[in-house]
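Trainee: I'd like to ask some things about the structure below.
Numbering (our numbering), first residue to last: 483 to 654.
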């Protein structure tokens, strides 16, 4: 299990071949340290050129090969914990929170604001301008200030907005 997208499997196999490794090495704990060492000493630029692939894709695949089965979100900075806001009932609509983007979907981004449950920043609340896809505006790991716009304690849901923050800044 790696974080490699199915579209990149062929490229990943080619990279493994270039590293002198086999696909089975990814699930062999004894071979992982040597494989991680090889990826560390491999130039993503040179490999991308040789295999006619994009440098970011090759870099991501090398990272996945070096650490198979790892959730890339584990490497993100921990959210900033607020001592005074620890549970959903402590929140109020209109509260401005600092959060970290944990996951991005087609419909929005899940923002860790330091509570047990992440808040949803829906695509329609990202900007006053039309956003085609959340990835056009945000990246996993981004830290941003968001406004709480809805709370559903029963279902444990928190609605967040970025575009309403733009309005706040304008009026300030």
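Beta carbons: idealized from backbone N, C-alpha and C, even for Gly.
Give, in chain order, every unbroken run of the alpha helix (DSSP H) that is at least 4 residues long and sits entirely within the segment 564-620.
Mentor: Runs found: none.
Trainee: Secondary structure at residue 510, three-state DSSP: helix, strand or coil?
Mentor: Residue 510 falls in the coil class under three-state DSSP.
Trainee: Quick check: the Cα distance between residue 636 and residue 571, rounded to an integer number of angstroms?
Mentor: Their Cα atoms are separated by approximately 10 Å.
Trainee: Measuring straight from C-alpha to C-alpha, what distance separates residue 486 and residue 544?
Mentor: Near 10 Å, if we compare the C-alpha coordinates of residue 544 and residue 486.
Trainee: Can you say whether residue 617 is buried or exposed, counting buried as having 16 or more other CB atoms within 10 angstroms of its CB?
Mentor: By the neighbour-count rule (16 or more Cβ atoms within 10 Å), residue 617 is not buried but exposed.
Trainee: What residues are listed by DSSP as bridge partners for residue 641?
Mentor: For residue 641, which the question treats as bridged, DSSP gives the partners 602, 632.
Trainee: Can you check whether the CB of residue 603 is closer than 8 Å to the CB of residue 590?
Mentor: For residue 590 and residue 603, yes; Cβs fall inside 8 Å.
Trainee: What three-state label does DSSP hand residue 625 in the structure shown?
Mentor: Reduced to three states, the DSSP call for residue 625 is strand.
Trainee: Can the beta-carbon of residue 586 be found closer than 8 Å to that of residue 620?
Mentor: In contact: residue 586 and residue 620 (Cβ atoms closer than 8 Å).
Trainee: Grouping DSSP H, G and I as helix and E and B as strand, with all else coil, what is residue 499?
Mentor: Three-state result, residue 499: helix.
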